[in-house]
Structures are given as structure tokens and as C-alpha cells.
Amino acid sequence: MNQNNTITFLIFILLILFFPLFTASSYNLSVAIFAGINALLAIGLCILMGYAGQISLGQAGFYGIGAYISAILSLKFGLPVIVSLVAASAVAAVAAMILAVPALRLKGHYLAVATLGFGEIIHILLNEFGPGGPSGFGDIPRFDILGYVFDSSTSFFYLTWGFVALIMLFSINLINSRTGRALRAMHDSEVACKAMGLDIVSLKIKVFVLSAVYASIAGSLYVHYITFVSPSTFTLFHSVLIVMMAVIGGINNLWGGILGAIIITVLPELLRQFEEFDVLVYGLILTLSLLFFRKGLVPIIAEKLKKLRAITVADNQRNT
Amino acid sequence: MLTIKGIHKSFGGLTALEDVNFSVKEGNISALIGPNGAGKTTLMNIITGIYGPDKGEVLFLGKAINNMPPTKIANIGISRTFQHLELFSTMTVLENVMVGRYTKTRAGFIASGLKLPIAIQEERESKLKSEEILEYMGLLNRKEEISSNLPIGEQRILEIARALATEPKLLLLDEPAAGLNIKETKALGETIMRIRKEKGITILLVDHDMSLVMKISNWITVLNFGQVISDGIAADVQKDPAVIKAYLGAEDDIS
Numbered sequence: 004m005n006q007n008n009t010i011t012f013l014i015f016i017l018l019i020l021f022f023p024l025f026t027a028s029s030y031n032l033s034v035a036i037f038a039g040i041n042a043l044l045a046i047g048l049c050i051l052m053g054y055a056g057q058i059s060l061g062q063a064g065f066y067g068i069g070a071y072i073s074a075i076l077s078l079k080f081g082l083p084v085i086v087s088l089v090a091a092s093a094v095a096a097v098a099a100m101i102l103a104v105p106a107l108r109l110k111g112h113y114l115a116v117a118t119l120g121f122g123e124i125i126h127i128l129l130n131e132f133g134p135g136g137p138s139g140f141g142d143i144p145r146f147d148i149l150g151y152v153f154d155s156s157t158s159f160f161y162l163t164w165g166f167v168a169l170i171m172l173f174s175i176n177l178i179n180s181r182t183g184r185a186l187r188a189m190h191d192s193e194v195a196c197k198a199m200g201l202d203i204v205s206l207k208i209k210v211f212v213l214s215a216v217y218a219s220i221a222g223s224l225y226v227h228y229i230t231f232v233s234p235s236t237f238t239l240f241h242s243v244l245i246v247m248m249a250v251i252g253g254i255n256n257l258w259g260g261i262l263g264a265i266i267i268t269v270l271p272e273l274l275r276q277f278e279e280f281d282v283l284v285y286g287l288i289l290t291l292s293l294l295f296f297r298k299g300l301v302p303i304i305a306e307k308l309k310k311l312r313a314i315t316v317a318d319n320q321r322n323t
Numbered sequence: 060m061l062t063i064k065g066i067h068k069s070f071g072g073l074t075a076l077e078d079v080n081f082s083v084k085e086g087n088i089s090a091l092i093g094p095n096g097a098g099k100t101t102l103m104n105i106i107t108g109i110y111g112p113d114k115g116e117v118l119f120l121g122k123a124i125n126n127m128p129p130t131k132i133a134n135i136g137i138s139r140t141f142q143h144l145e146l147f148s149t150m151t152v153l154e155n156v157m158v159g160r161y162t163k164t165r166a167g168f169i170a171s172g173l174k175l176p177i178a179i180q181e182e183r184e185s186k187l188k189s190e191e192i193l194e195y196m197g198l199l200n201r202k203e204e205i206s207s208n209l210p211i212g213e214q215r216i217l218e219i220a221r222a223l224a225t226e227p228k229l230l231l232l233d234e235p236a237a238g239l240n241i242k243e244t245k246a247l248g249e250t251i252m253r254i255r256k257e258k259g260i261t262i263l264l265v266d267h268d269m270s271l272v273m274k275i276s277n278w279i280t281v282l283n284f285g286q287v288i289s290d291g292i293a294a295d296v297q298k299d300p301a302v303i304k305a306y307l308g309a310e311d312d313i314s
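Chains U and R, in that order, are what the protein sequence lines are.
Be aware that the first sequence starts at 4, since it is given in the working numbering, and climbs by one per residue.
Be aware that the second sequence starts at 60, since it is given in the working numbering, and climbs by one per residue.
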């Protein structure tokens with residue numbers, strides 16, 4: 004991690020630590036928890052889209068797998084929640100591998116449609132064969148680690164954002180490593196990658212699996228927070244929302260995933276005051292921000308900060 | 060070291076290569092020349108596995124490689140540069156070379172993400188080695204630049220640096236002098252000779268620039284309309300009437 008990343012990461016940790024001190028309202032905390040869950044989904048997609056140049060419109064499928072497997076294992080089989088989370092991630096990883104082998108031969112629109120189909124299949128399977136069918140099931144145990152139950156909003160807030168921080172750390176390390184460089188290189192020139200001896204197919208499969216595991220962890224957190232699950236959460240609409248988060252925040256930057264997730268989660272809540280026009284305003288804001296900030300918000304903020312720093316440095320030099 | 064045996068390749072009705080035979084001796088700088096459309100780049104792509112030949116064999120160190128995918132061929136010691144630059148354009152100069160170290164390192168997704176000791180160790184070594192190569196190629200002072208911001212001449216040098224990072228036994232250079240001025244071409248020629256001499260890497264060079272080719276190569280193969288029309292040392296090839304005809308047109312063509 005370079006110096007800039009370290010500073011940003013420390014600020015991020017501080018924000019997480021202090022957020023619950025500023026707001027005691029469980030409504031605010033629950034919006035923040037959903038933002039964190041969405042952030043996990045969006046970070047995975049940022050790596051997949053922004054760094055490796057692949058697209059997925061089926062992330063809600065992996066999110067659903069994580070949620071259902073985790074819920075079933077802990078409720079019906081009595082497994083500890085953390086074990087269910089790991090097992091669900093493993094199932095999502097296998098599913099991603101099975102999907103990736105044929106799908107990653109496809110590119111662009113074709114890959115988008117193939118992953119979209121996968122998401123829909125999972126949705127249908129959950130509807131038909133999931134416990135409770137379309138109406139889902141409840142009484143799922145709360146998240147606990149070694150007997151400590153995360154039953155307050157504050158504790159669950161820390162749990163969720165703790166996961167976001169860990170996954171962010173893992174992802175930053177990954178992007179700045181041999182593997183991350185290979186992913187970025189693949190995005191720039193596949194033919195040169197082959198000439199350098201990179202196994203492109205295996206890299207693509209692995210990054211796809213990684214994004215599926217992130218989505219599955221998000222799903223596990225979701226069900227052990229809400230303690231209820233139904234297929235209606237894991238629709239194409241949510242897959243598109245995840246893409247939206249990544250794009251609004253900036254797909255070429257991992258922080259973009261987090262910022263995008265926060266915006267997409269918080270915005271509808273803020274727009275409640277427009278009553279029946281809220282959807283309209285929501286759509287308008289998203290469209291405009293895509294029109295004017297094509298690269299996403301984080302790159303723009305980073306550029307502004309850089310300029311600001313350059314100005315202050317220049318000022319300091321003039322003053323001395 | 061490299062033997063091309065009876066290679067045929069056609070695209071649709073167009074015959075790009077017809078019964079091409081030649082070989083590259085270990086320790087030589089061999090050159091493959093010929094007018095536009097002679098099939099030089101096609102041959103390069105067949106050697107590196109981007110295309111398979113319709114007929115014929117490519118032997119590298121005695122092993123047939125014509126059915127291997129490009130990744131495998133890169134792994135057994137053939138590296139290349141591209142006529143149309145294929146740098147990782149959003150990455151820095153140093154990062155480009157470090158991608159070249161990929162097959163010499165092991166750390167996977169988990170080791171990298173968790174920053175296990177092996178990943179840290181490899182990263183340090185890979186960086187050192189890459190900087191060494193950049194210094195050797197005279198690009199070390201550019202290491203933090205985004206590669207697409209370099210002038211063409213330096214981008215071509217960077218492509219060679221990246222190829223060297225894979226520690227090849229055979230280095231294929233596809234028109235490395237394209238877009239370079241006379242001074243840059245001269246410097247490039249010296250660099251290529253130095254790589255052969257100091258690193259002991261065999262080189263196969265494809266180029267239009269006759270002055271460069273004649274000056275640095277020990278062996279020249281001339282290709283025209285997909286066929287080898289001449290093969291020999293520079294002085295002999297230069298005098299070969301078939302070569303003069305291919306490049307300048309025959310005397311009766313002029314009238």
C-alpha cells in the first residue's frame with residue numbers, strides 16, 4: 004500500500020469508528036448497514052469490471068446464494084453463523100467457477116447477457132425450491148461470533164463495516180500485487196499478456212470467483228441482520244443497482260465501490276420528502292451524474308484534492 | 060535453435076506464406092526482411108502461437124511448438140515485441156516490466172490479498188529485477204511515468220525491456236525501428252547488439268530499415284509474397300538479384 008492509500012484507509016477506519024457516536028438513531032444505523040452490505044457487492048464488481056474488464060449482471064445471484072445457503076445452514080442445520088458464511092462463500096465460489104468456464108469465452112454484451120441469465124436462473128430456483136417459496140422464511144439466527152450476538156444496530160454496524168474494511172484491505176493489497184497488475188494488464192492488452200506468459204482464462208475465472216465470494220459474504224450479512232429472507236431481494240433490478248453503484252462511484256477505483264454504494268443506498272432515503280416524485284428525482288440525479296461525471300465520482304474528487312494540494316503547496320512556498 | 064519447416068498459411072483465398080523454411084542459430088542476430096505484405100508479421104504470429112500454420116512445423120530447441128498456445132510458448136522461452144505497440148497503456152513503465160516478471164513469481168490471489176511473506180518477498184525481488192532491466196535499457200528515470208505518455212522511441216525500448224523481463228532464450232522483435240528517427244534507430248541497433256552479447260539472448264528481427272538490418276544481423280532471410288527468396292549473410296543477400304528485384308523492381312520493369 005502506498006502512502007496515499009494508507010492515509011485514506013486510516014481516515015476510513017476513523018469514520019467507521021466514530022459514525023455511531025454521532026447518531027444514535029437506529030434508522031440511520033440501519034441505512035448505514037445496508038450501505039455497507041451494498042459496498043461489499045460493489046467492491047467485487049469494481050475489481051471485476053474496472054480492473055479485469057469483465058462485466059456481470061448476475062451479482063444478485065451470488066448475493067442470493069450467500070443469503071439462502073447461510074440462512075438454511077444456520078437455521079435448519081444449526082451450524083454456527085460464521086461457519087455458514089464460509090460454507091455459503093464456498094458454494095458461491097463453485098457456482099461462479101461453473102458459470103465462468105463457459106461464460107468467460109464471451110465478451111462484452113454477450114457476457115452481460117450470460118451473467119444476466121445466471122442471475123435470473125438463481126432467482127427462479129429460489130422462488131421454486133427455496134424454503135417458503137416466493138414468500139421466503141424467517142427466524143434466521145442473528146449473527147454471532149463465539150457466543151457474542153450482534154443484536155444491536157450499533158454492533159451490527161461495526162460488524163458490517165468491519166467486513167467492508169477487511170475486504171477493502173484485501174482488495175487494495177490484491178490490486179497492488181503481481182495478480183492485480185496481471186488483471187490490469189489484461190484489461191489493457193490481452194495479446195501482450197499472452198506473450199508475457201499470463202494464463203488469461205484462469206485469471207478471469209479467479210477474479211469472477213472473487214467477486215462472487217464478496218457478494219456471498221454480503222448475502223450472509225444481510226440475512227443474519229434482517230433474520231428473514233425471500234427471493235424478491237435477489238432480482239435483476241438489484242444486479243443493475245450494483246452495476247450502478249460501481250459506475251457512479253468510479254469502476255477504476257475501489258473506493259468508488261464504497262462511495263457508489265453509499266450514494267445509491269442513501270439517496271432514496273433522502274428523497275422520501277419528494278413523496279410520489281422520489282423515483283423521478285432519483286432517476287434524474289443518476290442520469291445527470293453519469294452525464295457529467297463519466298469516470299465516476301471518486302476520480303473527480305481525487306483530482307480536485309490533488310489540485311487543492313498543489314495550490315496549498317505553492318502557497319506555502321510563496322509564504323516562506 | 061528455431062527451425063521453420065515447410066510452413067503454409069492462407070487467410071481465405073489469400074496465401075500469406077508458402078512453403079517457408081529457415082532457421083535461427085543460437086547466439087545469432089537473425090533478420091527477416093521483405094517488402095510490405097511479404098508475410099513477415101504472419102510468420103512472427105505463427106512462431107508465437109497466435110495463429111496455427113495450415114501445414115508445416117515450428118521447432119524450438121528440437122520440440123514442435125506449432126500447436127502450443129501463446130502462453131505456453133512464452134513460458135518455454137520465446138518473448139516478443141509488437142509492430143503495433145501493445146504496452147499496458149494505463150500502467151506505469153515499471154509496472155509494465157513487472158508484468159513481464161509474472162511467470163517468474165508465484166503468489167496467487169490469496170497470498171497477494173493477505174500480503175503473506177512470500178508475496179512481500181517476491182514483490183521486492185520483482186521490483187529490484189525490473190528496475191535493473193530498466194536501468195540496463197536506459198529507462199530507469201522514467202519508471203513512474205504512465206507508459207502511453209512516453210515518446211514512441213521509448214515505448215519501443217520499453218517493449219523490449221518488458222520482453223527481457225521474462226528471461227527469454229529467443230527474443231522476437233517485430234519492426235522495432237518503425238517510427239524512430241535515424242539517431243534513435245542507431246541507438247536501438249547498439250542496444251540490440253548489447254543484449255545479444257551481454258545477455259546471450261538469440262534474436263530474430265523483422266524490419267524494413269535496411270541500414271539497421273544490414274549493420275547488426277549475422278544472417279538474413281528475405282521473404283517476398285510469402286516465399287523465401289534469399290537466405291545468407293548481409294553482403295551476399297545485398298547482391299542477390301532476386302532481392303534487388305523484389306525491393307527495387309527488375310530492370311525491364313522500369314521502362
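Every residue, glycine too, gets a C-beta built ideally from N, C-alpha and C.
Owing to the predicted nature of the structure, the values given are computational and were not obtained by experimental measurement.
{"Check": "Chain R contacts made by the segment 230-254 of chain U, where a contact means CB separation under 9 Å", "Outcome": "none"}
{"Check": "Integer Cβ distance of Pro234/U from Gly139/U, believed to fall under 8 Å", "Outcome": "7 Å"}
{"Check": "In DSSP terms, what Arg139/R is bridged to", "Outcome": "Leu231/R"}
{"Check": "Residues of the segment 173-184 of chain U with Cβ closer than 8 Å to any Cβ of chain R, in chain order", "Outcome": "Phe173, Ser174, Asn176, Leu177, Ser180, Arg181, Thr182, Gly183, Arg184"}
{"Check": "The segment 85-103 of chain U contacting the segment 154-167 of chain U, beta-carbon criterion three pairs below 8 Å", "Outcome": "no"}
{"Check": "Cα-Cα separation between Leu73/R and Ala97/R, rounded to whole angstroms", "Outcome": "12 Å"}
{"Check": "Spatial distance of Ile16/U from Leu257/U (CA atoms)", "Outcome": "15 Å"}
{"Check": "Cβ shell of Val269/U (< 8 Å), same chain only, five flanking positions each side left out", "Outcome": "Val34, Ala38"}
{"Check": "Asp312/R burial status per 10 Å Cβ neighbour count (16 or more: buried)", "Outcome": "Interpretation of Asp312/R is limited by its pLDDT of 48, a score under 50 that renders its predicted location unreliable; the figure taken from the coordinates is listed afterwards. Label assigned to Asp312/R: exposed."}
{"Check": "Proximal residues of chain U, C-beta to C-beta of Gly259/R below 7 Å", "Outcome": "Neighbours of Gly259/R on chain U: none; closest Cβ ~20 Å, over 7 Å."}
{"Check": "CB contact below 7 Å: Lys188/R versus chain U", "Outcome": "no"}
{"Check": "Spatial neighbours of Pro134/U in its chain, beta-carbon cut-off 6 Å, leaving aside the 5 residues before and after", "Outcome": "Phe140"}
{"Check": "Rounded C-alpha distance that separates Ser314/R from Val281/R", "Outcome": "For Ser314/R, the pLDDT reaches just 41, beneath the cut-off of 50, and the residue's location in the model is therefore unreliable, leaving the point undetermined."}
{"Check": "Minimum Cβ-Cβ distance from Leu169/U to chain R less than 7 Å", "Outcome": "no"}
{"Check": "Residue-level contact to chain R via CB, Leu17/U, 7 Å cutoff", "Outcome": "no"}
{"Check": "Contact set between Leu213/U and chain R, taken where Cβ atoms lie within less than 8 Å", "Outcome": "Phe168"}
{"Check": "Start-to-end residues for the alpha helix (DSSP H) that takes in Ser171/R", "Outcome": "168-172"}
{"Check": "Rounded Cβ spacing between Ala70/U and Val226/U (contact assumed at less than 8 Å)", "Outcome": "5 Å"}
{"Check": "Below-7 Å beta-carbon distance, Ala218/U vs any chain R residue", "Outcome": "no"}
{"Check": "Residues near Gly61/U in its chain [Cβ-Cβ closer than 7 Å; skip 5 each side]", "Outcome": "Thr118, Leu119, Phe121, Gly122, Ser242"}
{"Check": "Cβ of Arg183/R within 7 Å of any chain U Cβ", "Outcome": "no"}
{"Check": "Test: Met199/U CB closer than 7 Å to a CB of chain R", "Outcome": "yes"}
{"Check": "Contact set between Ser289/R and chain U, taken where Cβ atoms lie within less than 9 Å", "Outcome": "By Cβ distance, chain U contributes nothing, its closest Cβ being about 29 Å from Ser289/R, past 9 Å."}
{"Check": "Check whether Asn130/U and Lys174/R have beta carbons under 7 Å apart", "Outcome": "no"}
{"Check": "Status (buried if at least 16 other CB within 10 Å, exposed otherwise) for Gln276/U", "Outcome": "exposed"}
{"Check": "Proximal residues to Ile124/U (C-beta, below 8 Å), its chain only, five neighbours per side dropped", "Outcome": "Gly64"}
{"Check": "Beta-bridge partners of Gly291/R, as assigned by DSSP", "Outcome": "Ile279/R"}
{"Check": "Backbone secondary structure at Gln297/R - three-state DSSP", "Outcome": "helix"}
{"Check": "Cβ pair Thr149/R, Asp142/U closer than 7 Å", "Outcome": "no"}
{"Check": "is_contact[Asp202/U, chain R] using C-beta, thresh 7 Å", "Outcome": "yes"}
{"Check": "Coil, strand or helix - Asn7/U by DSSP", "Outcome": "helix"}
{"Check": "Distance, Ile192/R Cα to Lys186/R Cα", "Outcome": "10 Å"}
{"Check": "Whole-angstrom distance between Ile169/R and Thr315/U, CA atom to CA atom", "Outcome": "40 Å"}
{"Check": "Collapsed DSSP secondary structure at Gly65/R in the structure displayed", "Outcome": "strand"}
{"Check": "Ala198/U vs Phe147/R beta-carbon contact at 7 Å", "Outcome": "no"}
{"Check": "One or two residues paired with Gln286/R in a DSSP bridge", "Outcome": "Asn283/R"}
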